[in-house]
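Visitor: Just so we're aligned, residue 431 is where the sequence shown starts under the numbering used here, counting upward by one.
Even for Gly, the Cβ is constructed at its ideal location relative to N, Cα and C.
Keep in mind that this is a model prediction, so the values were computed, not measured.
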Amino acid sequence: MAHTEVNITGFGKFGSHTDNPTSVLVPKLYESLLSKHGTALALKEYKIIDVSADAVNATIPSLHLATKAGQEGENIQPPKARLVVHFGLDASSSGFSLECRAANEADFGIPDEAGWTPQQERICKEASTPEFLHSSLDLERLCAELQERGFPCEVSEDAGRFVCNYIYFQSLREAEKCKAACPDTCTAVLFVHVPLLETIPFERQLEFLESLMELLLGLCKEMAGGSAAEGSGAESAARTS
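Quick look at the structure:
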């Protein structure tokens, strides 16, 4: 079986942005990963999600479902590593942003696609839930690898408070639940903001996504206990404790 399961998502239209670049980039990235890795990778069907909290809530559990199903004795062996990467648009950006954390706050400046407009509302209202959840990846080192390849990239501490932040928070929270249920599966979750296609053309953006996934898959190979030799710098992206 493939030791690494991969889930990638993009978003549809929102506000004045009728053409979300992630809705066309993610399908092409999926095709590229499938072509390069085939059955060696447990690549799940990509998802283009409506820009709404309701759509996020309906989608996120399925991205982590295999681990839970395996834990419940349904004869599904959980993967050794799971990679969940969410892509979204930052129309004001001139480059790519690796978001290192998600805030436990929904504060929408415009209604989401289902018409919800929360104002400074906690996403998870449980008292024990922290203000921020963080990616387990060493994004500074990952960013440095991408910058060396010529991509305008930064590590961001602010994913906003719209649906991009919402999906990131919910995915990180779901990953924590699954870690408790199945500690043998190493899960990494990341949210990446991309700019408009008018800012960075489609082909260059796709090159960035492919390079990012190459590095992340190398890291997952290491997480799963395999050789990191094919990870092209992924050994430097592992977080030290």
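Jot down the residue ranges of each uninterrupted beta strand (DSSP E) in the segment 551-636, minimum 3 residues, whole runs only, in chain order.
Guide: Whole beta strand (DSSP E) segments, 3+ residues: 562-564, 583-586 and 616-624.
Visitor: Tell me the residue span of the alpha helix (DSSP H) that contains Lys-477.
Guide: Segment 477-479 is the beta strand (DSSP E) holding Lys-477; no alpha helix (DSSP H) there.
Visitor: Suppose you measure from the CA of Gln-549 to the CA of Glu-535; what does that come to, to the nearest Å?
Guide: In a straight line, the C-alpha of Gln-549 is about 9 Å away from that of Glu-535.
Visitor: Using 10 angstroms around the beta-carbon of Gln-507, count the other beta-carbons present and answer buried if the total reaches 16, otherwise exposed.
Guide: Label assigned to Gln-507: exposed.
Visitor: On a Cα-Cα basis, can you pick out the residue from Lys-458, Glu-475 and Val-481 that is closest to Thr-448?
Guide: Cα-wise, what sits closest to Thr-448 is Val-481.
Visitor: Select from Leu-473, Phe-562, Glu-575 and Asp-537 the residue whose C-alpha is nearest the C-alpha of Asn-437.
Guide: If we check each option's Cα against that of Asn-437, Leu-473 comes out closest.
Visitor: Can you name the residues that DSSP bridges to Ile-438?
Guide: According to DSSP, Ile-438 bridges with Val-515.
Visitor: Relative to the C-alpha of Ala-521, which residue among Leu-647, Thr-452, Leu-636 and Leu-620 is closest?
Guide: Among Leu-647, Thr-452, Leu-636 and Leu-620, the Cα nearest to that of Ala-521 belongs to Thr-452.
Visitor: Which value, in whole angstroms, describes the spacing of the CA atoms of Ile-479 and Thr-469?
Guide: One C-alpha to the other measures close to 25 Å.
Visitor: Between Phe-562 and Ala-605, is the Cβ-Cβ spacing less than 8 Å?
Guide: No. Outside cutoff.
Visitor: For Leu-645, which of helix, strand or coil comes out of DSSP?
Guide: Correct three-state label for Leu-645: helix.
Visitor: By the three-class DSSP mapping on this structure, what secondary structure does His-433 have?
Guide: Three-state DSSP puts His-433 in coil, outside helix and strand.
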